[in-house]
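Asker: Counted the way this note's numbering counts, the sequence shown spans residues 944 to 1461.
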Amino acid sequence: MSRPTYTVKPGIRPKPGKIAGSVPDQRVDQEERLRLTQYSMDHFPESAIWTDMEARILYVNDATCDMLGYTRDELLAMSVSDIAPNYSRDRFAAFIQSIQERKALTFESEHVTKSGRRIPVEVTTHYQKYGAQEYIISFSRDISGRKQVEDTLRKNEKFLNHIFNSFQDGIGILDKDLNIVRVNRIMENWHPYMMPLQGKKCYHAFHCRDKPCEVCPSLRAMKLKTMQSEIVPLHGEHGEQKGWLEIYSFPLLDDRGDLTGVIEHVRDITARKRAEDALEETKTRAELYLDLMSHDINNMNHAGIGFLELLLDSPRLDRQERMLLHKAIDSLEGSTRIIRNVRKLQMAQSGEMRSHKVDVGQVLDEVKSHYAGTRGEALVDYDRPAGCEVMANELLFDVFSNLVGNAIKHSAEKGRPVVKVRAGRSAEGGRVYCRITVEDDGPGVPDEMKDKIFGRLRRGETKAGGKGLGLYLVKYLVESYGGKVWVEDRVSGDHTRGARFVVMIPAAEPEAAPDVPG
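1. May I ask you to verify whether the segment 1384 to 1400 touches the segment 1435 to 1452, counting CB pairs closer than 8 Å and requiring at least 3?
2. Distance check for Q1141 and V1126, CA to CA, integer angstroms please.
3. With a 10 Å radius around its C-beta and 16 neighbouring C-beta atoms as the bar for buried, classify Q1171 as buried or exposed.
4. Is there contact here, the segment 1203 to 1219 with the segment 1109 to 1129, by at least three beta-carbon pairs under 8 Å?
5. Please work out which residues of its chain come closer than 7 Å, Cβ to Cβ, to H1278, disregarding the five sequence neighbours upstream and downstream, and give them in chain order.
6. What did DSSP end up calling C1377 once you bin it into helix, strand or coil?
7. In angstroms with no decimal places, state the Cα-to-Cα distance between A1335 and I1351.
8. Identify whether P1135 lies in helix, strand or coil by the three-state DSSP scheme.
9. For M1021 versus I1000, is the C-beta distance shorter than 9 Å?
10. So who's on the other strand from L1322, going by DSSP bridges?
11. Suppose only complete runs of 4+ residues qualify. What are the alpha helix (DSSP H) ranges in the segment 1235 to 1316, listed by chain order?
12. Who are the Cβ neighbours of G1411 in its own chain at under 8 Å, not counting the five residues just before and after it?
13. Considering only C-alpha positions, which residue in the set P1360, A1246, A1036, L1339 is nearest to P1386?
14. Determine the extent of the beta strand (DSSP E) in which T1067 is found, giving its start and end residues.
15. Is DSSP giving K1406 helix, strand or coil here?
16. Contact between the segment 1068 to 1088 and the segment 1166 to 1180: three or more CB pairs below 8 Å?
17. Distance check for R1286 and G1330, CA to CA, integer angstroms please.
18. Three-state secondary structure (DSSP) at L1117?
19. Going straight from the alpha carbon of N1004 to that of G1012, what length do you get?
20. Residues in the same chain with beta-carbon distance under 7 Å from D1197, minus the five sequence neighbours each way, listed in chain order, please.
21. Under 9 Å between C-beta atoms, does I1106 make it to chain D?
22. With a CB to CB cut of under 8 Å and the five nearest residues on each side skipped, what residues in its chain are close to L1260?
23. If I'm right that T1056 touches T1067 with Cβ under 8 Å, what's the distance once you round it to whole angstroms?
24. Can you tell me whether DSSP reads M1334 as helix, strand or coil?
25. Do you know how far the Cα of R1089 is from the Cα of I1116?
26. Going by Cα to Cα distance, which pick from R976, P1258, Y1415, L1177 is closest to Q1292?
27. Is it a yes or a no for the segment 1228 to 1243 touching the segment 1154 to 1164, going by three-plus beta-carbon pairs under 8 Å?
28. Output needed for K1418: all residues of its chain with C-beta closer than 8 Å, excluding positions within five of it in sequence on either side, in chain order.
29. Quick one: is N1242 buried, meaning 16 or more other Cβ sit within 10 Å of its Cβ, or exposed?
30. Is it buried or exposed for L1307, if we count other Cβ within 10 angstroms and need 16 for buried?
31. Please state the DSSP three-state secondary structure of E974.
32. I need the straight-line Cα distance from E1219 to R1163, nearest angstrom please.
33. If you compare alpha carbons, which of M1290, G1372, L1420 is closest to L1346?
Here it is in structure tokens:
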């Protein structure tokens, strides 16, 4: 059976202004309109193809020829499967049944050009019955550009999804009504019993509640349009708490600044909370032990010292017995001093004591008075400096008391202790400091011990028995004031001729000042 073909031959163009009157005139007018219709179809900018019910091509327009690269005669000798390989005979038969039932269909397909290039197309088809004949009228649009955009969007979505799921913290997106729009895998791993999470209320899916949480950071973020955070419990399947989460909520705004939802950045801080709880428990226990030392053991030391001093009043004691009693008293006083230093170190570390302007000269006067008349008749050679103030606290006294006491103890090996204290202002690195030196003529500090003696429970390799937290406390306090401390030889290059401890603390009101001679 030969197929009918439909082509348009050039005809007479409609004549503008022609008046339809007689029957012959009306017939001419109808023919002109028919030619105009056929001309418009031929030159329609989108591909138009007519086929019969056996998929044979009956008509194509110019756009079809241009898109596929065939001539009209070549296409009229082809069938649908020649230009759309996806439509085999069986598939076309199913298509015919569907189009007869629905009358019109829009779908995506591919056309193959004469050169073999595949073109993605969107096809709109219509079923037409004219007399006894049935036809499929199809209009095809090249959607290569749209497909490229969709492919780019797909790749971007895949890339963003990879980033979204690569976070080791939970990421969730909520709409304005607290409905879950999207979450990453971490969030899904935390709440597997609530899957799928999308579409559920966050307070129900995450916290097993039937209403929003009282301290919801996301509600605050949407209300204030700023980032909000909160630490909340991590709940299990039956509402039991199994950990802690830290939530950072960021409001989502559109181009006009209108709120559209919120992003939640969620971090599992269970391990951190447990560590903090353990630290708090340890701190509480340490404070208990410190209170025990500061009160009970300290009181026992004082009582022991009192009894020993009473015993020293006995006239029946010989010289050796009195020496042993003095050593026992020194040991108890040393224990009391360690307890006092521990307590002061704890006060400094806890921030109980606020910094304020302190006159270094006044503090050194108090230290000198404290050591006046000490055993061995120590001489503290000191002249009070003028205008030397620093930002410190009451524990500054302990800094210099420790240094002077340490110097007296080590100088006693050579007879009458002589401790030289000097203080003044010193400029260094564009900043003004109060520079205080404490030096003695004792056995000194070897070079290999100069850094170590400031460590905890360290003492220099000297004959004097040093122990406790004295120099460690000095270093900690001086550095807490923004200063520094070190030890050097009193006589450069010969540590055996005594030590000089140097303390540098920033002056409270910096001003130009000459260096203080050692």
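Ideal placement from N, C-alpha and C gives every residue a C-beta, glycine not left out.
Answerer: Considering the structure as presented:
1. Yes, the segment 1384 to 1400 touches the segment 1435 to 1452.
2. Each residue's CA atom was taken as its position, placing V1126 and Q1141 some 8 Å apart.
3. Buried, by the Cβ-count rule.
4. Below 8 Å, enough C-beta pairs join the segment 1203 to 1219 and the segment 1109 to 1129 to call them touching: three or more.
5. Rather than His, the amino acid found at residue 1278 in this sequence is Ser. The beta carbon of S1278 lies closer than 7 Å to those of N1244 in the same chain, with the five residues before and after it left out.
6. Looking at C1377 - three-state DSSP - the assignment turns out to be strand.
7. Approximately 25 Å between the Cα atoms of the pair.
8. Residue state, collapsed to three classes: helix.
9. Yes, the Cβ-Cβ distance between M1021 and I1000 is below 9 Å.
10. Paired residue(s): V1361.
11. The qualifying runs are 1241 to 1255, 1262 to 1293, 1303 to 1313.
12. Only weak support is given to the placement of G1411: the predicted model assigns it a pLDDT of 49, under 50, and the question is left unresolved by the model.
13. For the residues P1360, A1246, A1036, L1339, the minimum Cα distance to P1386 belongs to P1360.
14. T1067: member of the beta strand (DSSP E) spanning 1061 to 1073, first to last residue.
15. The pLDDT assigned to K1406 is 42, lower than 50, so where the model puts this residue is not dependable; a value taken from the coordinates is nonetheless given after this. It is coil, neither helix nor strand.
16. The segment 1068 to 1088 is not in contact with the segment 1166 to 1180.
17. Rounded to whole angstroms, G1330 to R1286 spans 31 Å at the Cα level.
18. Strand.
19. One Cα belongs to N1004, the other to G1012, and the distance between them is close to 12 Å.
20. Within the same chain, T1203 come within 7 Å of D1197 by CB-CB distance, once the 5 residues on both sides are set aside.
21. No chain D appears in the structure shown, which is made up of a single protein chain.
22. Same-chain partners within the cutoff: L1254, L1268.
23. The distance from the Cβ of T1056 to that of T1067 is about 20 Å, inconsistent with a contact at the 8 Å cut-off.
24. In the displayed model, M1334 falls within a strand according to three-state DSSP.
25. The straight-line gap from Cα to Cα measures roughly 28 Å.
26. Nearest option by C-alpha distance: Y1415.
27. Segments in contact, no.
28. Closer than 8 Å at the Cβ level, and outside the excluded window around K1418, lie F1397, V1428.
29. Its Cβ having fewer than 16 others within 10 Å, N1242 is exposed.
30. Classified as buried, L1307 has 16 or more neighbouring CB atoms from the shown chains inside 10 Å of its CB.
31. Of the three classes helix, strand and coil, the one that applies to E974 here is helix, per DSSP.
32. Taking the straight line joining both Cα atoms gives about 27 Å.
33. When the alpha-carbon of L1346 is set against those of M1290, G1372, L1420, the nearest one is in L1420.
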